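The opening residue of the sequence shown carries number 12 in the numbering used here; numbering runs sequentially from there. The beta-carbon is built from N, C-alpha and C at its ideal position, and this holds for glycine as well. It should be emphasised that the depicted structure is a prediction, and the values quoted were computed from it without experimental measurement. Notes follow once the structure below has been shown.
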Amino acid sequence: MPHNDRDLGVAGPPPTEPVKGDGEKPAGPARADGGEASRTSAPEIEAPALQKVATGYITWMMIASFGASLALMVPLSYSLALRISDLAPGREELLGYVTGSAQFVYLVLSPLIGFWSDRTRSRLGRRTPFMIAGAVLGVVALFGIAAAPTVFLVGLVWVVGMIGWSTAGQAIQNVQADRVPEEQRGRISALTSVMNQIAPVIGIGIAYAVASSTLLVFLVPGVLGAAMLLLFPVFKPEGDSRALVHTSDVTLKGLIASYGFNPRKYPDFGWNWLGRFVFFMGLYFNTTFGTFFYAQRLDLPIKDVAGVVATVGAIGVLAAAVGAIGGGFLSDKLGRRKLFTLIGAVLFVVGAVTEAFAYSLPQLVLGAVLMQLAIAAFSAVDQAIVFAVLPDRAQAGRYLAVVAFAQKIPSAVAPLIAPLVITIGVTAGGEKNYTQLYLSGAVLALVGGLIIKFKVKSVR
12 MPHNDRDLGV
22 AGPPPTEPVK
32 GDGEKPAGPA
42 RADGGEASRT
52 SAPEIEAPAL
62 QKVATGYITW
72 MMIASFGASL
82 ALMVPLSYSL
92 ALRISDLAPG
102 REELLGYVTG
112 SAQFVYLVLS
122 PLIGFWSDRT
132 RSRLGRRTPF
142 MIAGAVLGVV
152 ALFGIAAAPT
162 VFLVGLVWVV
172 GMIGWSTAGQ
182 AIQNVQADRV
192 PEEQRGRISA
202 LTSVMNQIAP
212 VIGIGIAYAV
222 ASSTLLVFLV
232 PGVLGAAMLL
242 LFPVFKPEGD
252 SRALVHTSDV
262 TLKGLIASYG
272 FNPRKYPDFG
282 WNWLGRFVFF
292 MGLYFNTTFG
302 TFFYAQRLDL
312 PIKDVAGVVA
322 TVGAIGVLAA
332 AVGAIGGGFL
342 SDKLGRRKLF
352 TLIGAVLFVV
362 GAVTEAFAYS
372 LPQLVLGAVL
382 MQLAIAAFSA
392 VDQAIVFAVL
402 PDRAQAGRYL
412 AVVAFAQKIP
422 SAVAPLIAPL
432 VITIGVTAGG
442 EKNYTQLYLS
452 GAVLALVGGL
462 IIKFKVKSVR
């Protein structure tokens, strides 16, 4: 049936359907202090009404997701490694410390940012101010990294960059929770996931094209990503949020409560969180040192790896599209989510094992394609599961920040553990043990998929 998204920017009445969580109907919206509201009390925080979104809205959301991923992932997957290699040759383990430390800082701040976003009332809406502020911080930080003369300063500035780009990207996720109804969640999660998969590949190609200039390696992908991200609120404005109910006070107890949830009250939210955590721990084991891994296995200088990574990634773009769109659209059509997350986990294992024992380009390509297919399928469908088990959609910013812990903690911890794993059994001056690292990641990914498949009950 045709539909129009012209009213999406206008705050509507609160949803009449119960919030989906652990299968139980909650007594009322969660309070700011983490408690439960009275059954007869007015909502303390109101969410915009869910409406089916049109193709134009989805398109701009995809472009914004692409831009946010482009700006964030190019430094994580290529340009930071290049900069650290220039400043401290042979000290590749420093990359793990730089990225891990920045992830940890954002991890601490993200629930507060989500808590603040849920309660923001402005002409621009609840989420748009965070997209704008995040993009500005991110671009400024990339300029600082390019100019930083030491690895220590690179690490400090990247903390600002991580906060900026992650905040902007999370705002897009919050908009999905605010606006997208259940029947569209799988396909929209799939389409935005495809953007997140292909953006780093294209971004690395862009960075490689301007590799002669350190400044341009950081700024070109960053500025382009910021521009694409901000087109979303320009062409599909969120709308004034000042009419939404907001009666709860911000208290210290509420801020502390925003860092967690009650897993007994919301078991499906808790089990899905744990499954994501374990899966992403495996993923980050196998992606943090990708640039150095390819350099070792193909016996190439670090600077020449970008071309290989871009080529491998480009071949994997189709696989990522098939995984995300196939999983997302089929899960919507069949009403089955958990099966596709398990399939994604199994495919990741196959790809990781292939990579672990690869010493030629064809083997590396095969492993990378399988892993991209797996990550895309898992991420797209599990994102739809996340939206289905949110304890309170009115506090999507808070709860999605908690969900992000399941990805951000591994992204902070895995780079700190991985340097230890790759040195196990290695003599002084010997090659790093990437085989062990990739096999460890495969085991973790499989365990994560099994947890979601067998422990989440309210989602098929």
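query	result
Could you check the C-alpha separation between Glu366 and Leu294 for me, to the nearest Å?	13 Å
Assess, as a yes-or-no matter, whether the segment 175–183 is touched by the segment 59–79 under the definition of 3 or more beta carbon pairs within less than 8 Å.	yes
With distances taken from CA atoms, which of Ala306, Gly67, Phe272 and Phe351 is nearest Phe490?	Past the edges of the chain, shown from 12 to 471, lies residue 490, and the structure says nothing about it.
Check Leu135 in the structure and name its three-state DSSP category.	coil
Does the distance from the CB of Val109 to the CB of Val170 come in under 7 Å?	no
Quick check: the Cα distance between Val380 and Leu329, rounded to an integer number of angstroms?	9 Å
Please confirm whether Ile156 and Phe229 have their CB atoms less than 7 Å apart.	yes
DSSP state of Ala238, grouped into three classes?	helix
In terms of alpha-carbon separation, which member of Thr302, Ser88, Gln447 and Thr438 lies closest to Ile428?	Gln447
Could you give the first and the last residue of the continuous alpha helix (DSSP H) run that contains Pro430?	Ala407 to Val432
By Cβ distance below 8 Å, which residues in the same chain neighbour Val432 in space, the five residues on each side in sequence not counted?	Phe296, Asn444, Gln447, Leu448 and Ser451
Could you tell me whether the segment 349–356 touches the segment 413–427, where touching means 3 or more Cβ pairs closer than 8 Å?	no
Is Glu104 helix, strand or coil when you go by DSSP?	helix
Applying the criterion that 16 or more other CB atoms from any shown protein chain within 10 Å of the CB defines a buried residue, is Leu401 buried or exposed?	buried
At the level of alpha carbons, what is the spacing between Ile215 and Ser224?	14 Å
For Leu83, does the count of other Cβ atoms within 10 angstroms reach 16, so buried, or fall short, so exposed?	buried
So, at 6 Å on beta carbons, what are the nonlocal neighbours of Gly23 in its own chain, with the 5 sequence-adjacent residues on each side left out?	Its pLDDT being 38, under 50, Gly23 is placed unreliably in this model, and the coordinates cannot settle the point.
Count the other CB atoms, across all protein chains shown, that sit within 10 Å of the CB of Glu103; report buried if there are 16 or more and exposed otherwise.	buried
For Thr322 versus Pro426, is the C-beta distance shorter than 7 Å?	no
Between the Cα of Val119 and those of Ser90, Leu358 and Thr178, spot the shortest distance and give me the residue it belongs to.	Thr178
Compare the Cα-Cα distances from Gly334 to each of Met206, Trp127, Leu455 and Ser269 and report the closest residue.	Met206
Taking the alpha-carbon positions, what's the Leu227 to Gly197 distance?	36 Å
Would you give the residue range spanned by the alpha helix (DSSP H) that Ser80 belongs to?	Thr66 to Val85
According to DSSP, is Asp33 part of a helix, a strand, or is it coil?	Any reading at Asp33 must be qualified, since the residue scores a pLDDT of 37, below 50, and its modelled position is unreliable; the value itself is stated next. In the structure shown, Asp33 sits in coil (DSSP, three-state: anything other than H, G, I, E or B).
Going straight from the alpha carbon of Gly308 to that of Gly318, what length do you get?	The amino acid occupying residue 308 in the given sequence is Arg; Gly does not appear at that position. Going from the Cα of Arg308 to the Cα of Gly318 covers about 15 Å.
Determine, using beta carbons only, whether Phe359 and Ala385 come nearer to each other than 7 Å.	yes
Taking the beta carbon of Tyr370 as the centre, do at least 16 other beta carbons fall within 10 Å, making it buried, or is it exposed?	exposed
If Phe126 sits next to Ser269, beta carbons under 8 Å apart, how far is it from one beta carbon to the other, in whole angstroms?	4 Å
Does the Cβ-Cβ distance between Thr211 and Ser88 come in under 7 Å?	With the sequence shown as reference, residue 211 is identified as Pro, and Thr is not the correct amino acid for it. Yes, they are a contact pair.
By the three-class DSSP mapping on this structure, what secondary structure does Tyr219 have?	helix
Looking only at its chain, what residues have a beta carbon closer than 6 Å to the beta carbon of Leu455, apart from the 5 residues adjacent to it on each side?	Val289, Met292 and Gly293
Exposed or buried, Ile462, counting other C-beta atoms within 10 Å across all chains shown (16 or more means buried)?	buried
Let me know the secondary structure DSSP gives Ala99 once reduced to three states.	coil
Quick one: using the 10 Å Cβ neighbour count with 16 as the cut-off for buried, is Phe303 buried or exposed?	buried
Write down the C-beta distance between Val165 and Arg94 rounded to the nearest angstrom, noting that I regard them as a contact closer than 8 Å.	6 Å
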